[in-house]
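S.K.:
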Amino acid sequence: MYSMTVHEIILVCDYLGTLAFAISGALAAARKQFDLFGGIFLGFVTAIGGGTLRDMMLNIPVAWLHDIWYFYIVVFAVGFTFVCRNYIEKYSKTLFLFDTIGISVFTIIGMQKGLALDIHPILSVMMGILTAVFGGIVRDMMCVDIPLIFRKEIYATACLIGGCAYLLLNWLACPDFISIVVASLVIFVVRTVSVIKNWSLPRFK
Amino acid sequence: MYSMTVHEIILVCDYLGTLAFAISGALAAARKQFDLFGGIFLGFVTAIGGGTLRDMMLNIPVAWLHDIWYFYIVVFAVGFTFVCRNYIEKYSKTLFLFDTIGISVFTIIGMQKGLALDIHPILSVMMGILTAVFGGIVRDMMCVDIPLIFRKEIYATACLIGGCAYLLLNWLACPDFISIVVASLVIFVVRTVSVIKNWSLPRFK
Amino acid sequence: MYSMTVHEIILVCDYLGTLAFAISGALAAARKQFDLFGGIFLGFVTAIGGGTLRDMMLNIPVAWLHDIWYFYIVVFAVGFTFVCRNYIEKYSKTLFLFDTIGISVFTIIGMQKGLALDIHPILSVMMGILTAVFGGIVRDMMCVDIPLIFRKEIYATACLIGGCAYLLLNWLACPDFISIVVASLVIFVVRTVSVIKNWSLPRFK
C-alpha cells in the first residue's frame, strides 16, 4: 500500500490552497468584468503573490518558477471559473474548505522557510502570515478596493495563533511532522470557528 | 560601413520602448494632475516596473541599475511630456509605433532571461509578458484606476503568440537572431492588426 | 563618558524615522477604519516598505529581517496609536520632527547602500529617495488613495538636494561622517523650510 510522506501531504495541501486562491482571484475578476487575461493575471497574483514576495525578501528561488504545476492549477482554476461560475457558487463550502486548508499550509510553509534561514522566530511567523495574506491584498488593490482583510477578520489572527503553536511545539522538541499537523489544525479550527461565530478584531475608532 | 549587431538592435528597440512607456506614464500623471516628481516617478514605474519585477523574481541584477541610459531616457521623456504635451498628442502614431516596438522587444528580452536560467518555457513566456505588462499595471494602480489591460485587450495576447512563435522556432533549431526578428514581427503585427480591427478577449459575464 | 559612534547615531535616527513612519501608517489605517491587523500591516508597509524594495532591487539582505528592533518599534507605534490617537495628534510637531529626521537618515542610508555596490551615483541618490518615499506610496495605494506625494510636495526634492550634497562632499574627499551630517541637515532644513513656506513643485497642466 502506498502511503504519502509528510512532504507530499503538504504539497497536495499547497496545491489545494493554490486552487482555492486562484478561484477567489478569478471570482474577483468576474465581479469587476475583467477579460480572460485579467482573470488569469488576477488568479496568479492571488494564488502566488504571497509566496513570491516572501521568496524575494528571503532571497531564495521563487517556488512557482521551479514547479510548473502551480501554473497548470491556476490556469485550470481560472478557466473553470470562467466557464462554470454559477456551478462554483453552489460549492462555496468546498471552496471554503480548500481555502482554509490552503492558508494553514501557506502559513506553515512560509514560517518554515524563514526559520530555515535563521530568521527570528517572530519574523518567521510574519513570513508565514504574509504568505497567506499578501496575494489577497494585491488582488484587492488591483481591483481598486480596500483590502478586505484590513477591515474584516478573515484569517490573519488564525495564522498568528497557529504560527505561535508551531514555534511552541518546536521549542518543546516535538517531531516536526506533529508540529506541522497540530499547527495546521489550529489554524483550520480557529478560522472555521471565527467565521461561524462571526468574530472580529477591534477596529480603530 | 558600420552595421549593428542583433544585440545592438535589440538594445535600441529596448530604449525606444522605454521612451514610449515613460511617456505613457507621464501622460497618465498629467491626466491626474500630478506634480513633476509624481510624473517622473510614474514614468519610471511604467517604463522599468516590468523588468524590475522580472529581475527580482529571477534573482538576477536589475537591468536599469546597471545602465544609466534608462534613467536619462525616462527623465527626458517625462520632461519632454511636461513641456510639450500637446505636441506629443499630435504624434500619437509615432508613439504607438515605439510602444509596439517596445512591447515586442520587452517580451523577447524577458523570455530569453527566463530560458537562460532554465525556467520552464511556458513560465519564460510568462516572464516575457510580465516584462511588457507589469509597468502599465502598477501605473494604473498608482493612479487608483483599474488596470486598463485587465478589461481591454491591448497586447498581452500578442505577446503570448509571439512568445510561442519564438519557442517554436527555437525548438526547430532556428538561428537565434531569426527567431528574435520573426517573434518580434509576430507581436508587432498581431498587436497592430488587433488594434485596427478592434479585437478583444471574451469577458467574464 | 560614553559617546555614540556615527553608526549608532544613524541607527537611532533610523529607529526614530521608523517610529514616525509606522505612526503615519497607523493614522492612515485609523482614518479608513481598519482593524488592528490592518493597522499593523499598514504601519509595517509604511515604515519598512521603501527599504525592503531597495534591498530586493540591490539584491542584499532585507534590513528589518535581520534586526528584530524594527518589528518591536512598529508594533509599539501602532499599538500606541490605537490606544492614544488623540494624544498623538497633540504632538504633531514632535511627529514631524521624527518624520523629518527619519527621511533624512533613510535617504542617506539608501544612497550609501547603492554607492557601496558601485551603483551609478545618480541611481544611488534615487535609491535613497525611494527608501524615503516608497513606503508612503504603498500606504496610500493600500488605502485606495492617490499617493499624496505625487501631488503635493512633501519631501522628495529635499531628499534629492541632500543626496546631491552628499555626493558633492564625497567627491571633495570630505570625511564620511561630516558628509552624512551635512547632507542630513540639508534634507532636514530644506524640508522644514519648504513646509513652512508652503513651497510646491510645478504640476502638469
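As they're listed, the protein sequences go chains W, X and S.
The numbering used here numbers the first residue of the first sequence as 1 and each following residue consecutively.
The numbering used here numbers the first residue of the second sequence as 1001 and each following residue consecutively.
The numbering used here numbers the first residue of the third sequence as 2001 and each following residue consecutively.
Yeah, the Cβ is synthetic: ideal placement off N, Cα and C, and Gly gets one too.
(1) Run through chain X and tell me which residues come within less than 8 Å of S/ASP2145, C-beta to C-beta.
(2) I'd like to check one pair, X/THR1157 with X/THR1131: are the Cβ atoms closer than 8 Å?
(3) Tell me, which residues are paired with X/ASP1035 by DSSP?
(4) Taking Cβ to Cβ, would you say X/ILE1109 is nearer than 8 Å to X/ILE1010?
(5) Using 8 Å as the limit for Cβ to Cβ distance, is W/VAL74 near chain X?
(6) With distances taken between CB atoms, is the gap from W/VAL78 to W/GLY114 smaller than 8 Å?
(7) Should the stretch 82–96 of chain W be called in touch with the stretch 2018–2037 of chain S, which here means at least 3 C-beta pairs below 8 Å?
(8) Would you mind stating whether S/VAL2181 and S/ALA2165 have Cβ atoms separated by less than 8 Å?
(9) Taking the continuous alpha helix (DSSP H) assigned at W/ASN198, which residues delimit it?
(10) For a test of the three-state rule: what should DSSP assign to W/ASN170, helix, strand or coil?
(11) Closer than 6 Å by C-beta to W/VAL74: which residues in its own chain qualify, once you throw out the five before and the five after it? Chain order, please.
(12) Starting from X/SER1092, trace the alpha helix (DSSP H) both ways and give me its first and last residue.
(13) Looking at chain S, is there any beta carbon in it that lies within less than 8 Å of the beta carbon of X/VAL1062?
(14) What's the call for W/ILE60, buried or exposed, on a 16-neighbour Cβ count within 10 Å?
(15) Taking 8 Å as the cut-off, decide whether the C-beta atoms of S/ILE2101 and S/CYS2013 are in contact.
(16) Quick one: what's got a C-beta closer than 6 Å to X/VAL1062's C-beta in the same chain, skipping five residues either side?
(17) Distance cutoff 8 Å, beta carbons only. Does X/ASN1170 sit that close to anything in chain W?
(18) Using a C-beta cutoff of 8 Å, does S/LYS2205 count as contacting chain W?
(19) For S/TRP2064 and W/ASP118, what's the separation of their Cα atoms in angstroms?
(20) Which chain W residues are close to X/PRO1202, counting only those with a beta carbon under 7 Å from its beta carbon?
(21) Go ahead and pull the three-state DSSP assignment for S/CYS2143.
(22) Less than 8 Å between the beta carbons of W/SER184 and W/SER104, yes or no?
(23) Could you pull the start and end residues of the alpha helix (DSSP H) that W/VAL62 belongs to?
(24) I want to see whether chain S comes within less than 8 Å of X/ILE1108, judged by CB atoms only; does it?
(25) At least one CB of chain S closer than 8 Å to the CB of W/LEU42: is that the case?
(26) Quick one: is W/ALA22 near chain S, going by C-beta distance under 8 Å?
(27) Could you pull out every residue in the same chain whose Cβ sits closer than 6 Å to the Cβ of W/PRO147, ignoring the five residues on either side in sequence?
(28) Which residue's Cα is closest to the Cα of S/THR2192: S/LYS2093, S/LEU2058, S/GLY2050, S/ASP2035?
(29) Helix, strand or coil: how does DSSP classify X/MET1206 here?
(30) Any idea what DSSP makes of S/SER2003, helix, strand or coil?
(31) Would you kindly work out how many angstroms separate the C-alpha atoms of X/LEU1201 and W/LEU36, rounded to a whole number?
(32) Could you tell me whether the Cβ atoms of X/ILE1122 and W/ILE196 are closer together than 8 Å?
(33) For a cutoff of 8 Å on Cβ pairs, would you count S/THR2150 as touching chain X?
(34) Leaving out five residues on either side along the sequence, give the residues of the same chain with a beta carbon under 7 Å from the beta carbon of W/TYR15.
(35) With distances taken from CA atoms, which of W/SER3, W/VAL6, W/THR18, W/PHE41 is nearest X/MET1127?
(36) Excluding the 5 residues flanking X/MET1111 on each side, which residues of the same chain have their C-beta closer than 7 Å to its C-beta?
M.R.: With the structure as the only source:
(1) Taking the third sequence and counting its residues from 1, one reaches residue 2145 of chain S at position 145. Within chain X, the residues near S/ASP2145 are VAL1144.
(2) Translated into positions along the second sequence, residue 1131 of chain X becomes position 131. Translated into positions along the second sequence, residue 1157 of chain X becomes position 157. For X/THR1131 and X/THR1157, no; Cβs fall outside 8 Å.
(3) On the second sequence, residue 1035 of chain X is found 35 positions in, with the first residue counted as 1. According to the DSSP secondary-structure assignment, X/ASP1035 is paired through a beta bridge with S/ARG2203.
(4) On the second sequence, residue 1109 of chain X is found 109 positions in, with the first residue counted as 1. On the second sequence, residue 1010 of chain X is found 10 positions in, with the first residue counted as 1. Taking 8 Å as the Cβ cut-off, X/ILE1109 and X/ILE1010 qualify as a contacting pair.
(5) For the purposes of this step, residue 74 of chain W is taken as residue 74 along the first sequence, with counting starting at 1. Not one chain X Cβ lies under 8 Å of W/VAL74.
(6) By 1-based counting over the first sequence, the position of residue 78 of chain W is 78. By 1-based counting over the first sequence, the position of residue 114 of chain W is 114. Cβ distance not < 8 Å, so W/VAL78 and W/GLY114 don't count as in contact.
(7) No contact exists between the stretch 82–96 of chain W and the stretch 2018–2037 of chain S.
(8) Reading the third sequence from its first residue, position 181 is the one you call residue 2181 of chain S. Reading the third sequence from its first residue, position 165 is the one you call residue 2165 of chain S. No.
(9) Looking up residue 198 of chain W in the first sequence gives position 198. If you look at W/ASN198, you'll find it isn't in any alpha helix (DSSP H); DSSP assigns it neither H nor E.
(10) Here residue 170 of chain W is taken as the residue at index 170 of the first sequence, counted from 1. It is helical.
(11) What you label residue 74 of chain W is simply residue 74 of the first sequence in a count that begins at 1. Only ALA22, GLY43, PHE44, ALA47 meet the Cβ criterion.
(12) If you number the second sequence from 1, residue 1092 of chain X lands on position 92. Its alpha helix (DSSP H) spans residues 1092–1116.
(13) On the second sequence, position 62 is the one that residue 1062 of chain X refers to. Chain S contact via Cβ: present.
(14) Indexing the first sequence from 1 puts residue 60 of chain W at position 60. So W/ILE60 counts as exposed.
(15) Start at 1 with the first residue of the third sequence, and residue 2101 of chain S comes out as number 101. Start at 1 with the first residue of the third sequence, and residue 2013 of chain S comes out as number 13. Between S/ILE2101 and S/CYS2013, the C-beta gap is smaller than 8 Å, which places the two residues in contact.
(16) For this step, residue 1062 of chain X is matched to residue 62 along the second sequence. Result list for X/VAL1062: THR1052, ASP1055, in chain order.
(17) One-based indexing of the second sequence puts residue 1170 of chain X at position 170. By this cut-off, X/ASN1170 is not an interface position.
(18) Within the third sequence, residue 2205 of chain S is the residue found at index 205, counting from 1. At least 8 Å separates the CB of S/LYS2205 from every CB of chain W.
(19) As a first step, residue 2064 of chain S is located in the third sequence; it is residue number 64 there, counting from the start. As a first step, residue 118 of chain W is located in the first sequence; it is residue number 118 there, counting from the start. Their backbone Cα atoms lie some 13 Å apart in a straight line.
(20) Here residue 1202 of chain X is taken as the residue at index 202 of the second sequence, counted from 1. What X/PRO1202 touches in chain W, judged by beta-carbon distance under 7 Å, is ASP35, LEU36, going in chain order.
(21) Your numbering for residue 2143 of chain S matches position 143 in the third sequence. Look at S/CYS2143 here: in three-state DSSP terms it is coil, with no helix or strand label.
(22) Against the first sequence, residue 184 of chain W aligns to sequence position 184. Against the first sequence, residue 104 of chain W aligns to sequence position 104. In terms of Cβ geometry, W/SER184 and W/SER104 form a close pair [threshold 8 Å].
(23) Position 62 of the first sequence, counting from 1, holds the residue named residue 62 of chain W. W/VAL62 -> no alpha helix (DSSP H), and no H or E assigned at all.
(24) Residue 1108 of chain X sits at position 108 when you count from the first residue of the second sequence. For X/ILE1108, no CB of chain S lies under 8 Å from its own CB, so it is not counted at the interface with that chain.
(25) Translated into positions along the first sequence, residue 42 of chain W becomes position 42. No, W/LEU42 does not count as interfacial toward chain S.
(26) Counted from its first residue, the first sequence places residue 22 of chain W at position 22. No, because no Cβ of chain S sits closer than 8 Å to the Cβ of W/ALA22.
(27) Here residue 147 of chain W is taken as the residue at index 147 of the first sequence, counted from 1. Excluding sequence neighbours, W/PRO147 sits near ILE137, ASP140.
(28) On the third sequence, position 192 is the one that residue 2192 of chain S refers to. For the residues S/LYS2093, S/LEU2058, S/GLY2050, S/ASP2035, the minimum Cα distance to S/THR2192 belongs to S/LYS2093.
(29) Outside the shown range of chain X, which is 1001 to 1205, sits residue 1206 of chain X, and nothing can be said about it.
(30) As a first step, residue 2003 of chain S is located in the third sequence; it is residue number 3 there, counting from the start. Note: S/SER2003 maps to coil in three-state DSSP.
(31) As a working mapping, residue 1201 of chain X is identified with position 201 in the second sequence. As a working mapping, residue 36 of chain W is identified with position 36 in the first sequence. Rounded to whole angstroms, X/LEU1201 and W/LEU36 show a C-alpha spacing of 6 Å.
(32) Residue mapping note: residue 1122 of chain X aligns to position 122 of the second sequence, counting from 1. Residue mapping note: residue 196 of chain W aligns to position 196 of the first sequence, counting from 1. The answer is no: Cβ separation not under 8 Å.
(33) For the purposes of this step, residue 2150 of chain S is identified with residue 150 of the third sequence, where counting begins at 1. For clarity, residue 2150 of chain S is Phe in the given sequence; the question names Thr instead. Cβ-Cβ to chain X under 8 Å: yes for S/PHE2150.
(34) Locating residue 15 of chain W in the first sequence gives position 15, counting from the first residue. Same-chain partners within the cutoff: TRP69, ILE73.
(35) In the second sequence, counting from the first residue as 1, residue 1127 of chain X sits at position 127. Minimum Cα distance to X/MET1127 is reached at W/PHE41.
(36) Here the question's residue 1111 of chain X lines up with position 111 in the second sequence. Here the set comprises SER1124, VAL1125, MET1127, GLY1128, GLY1163, TYR1166.
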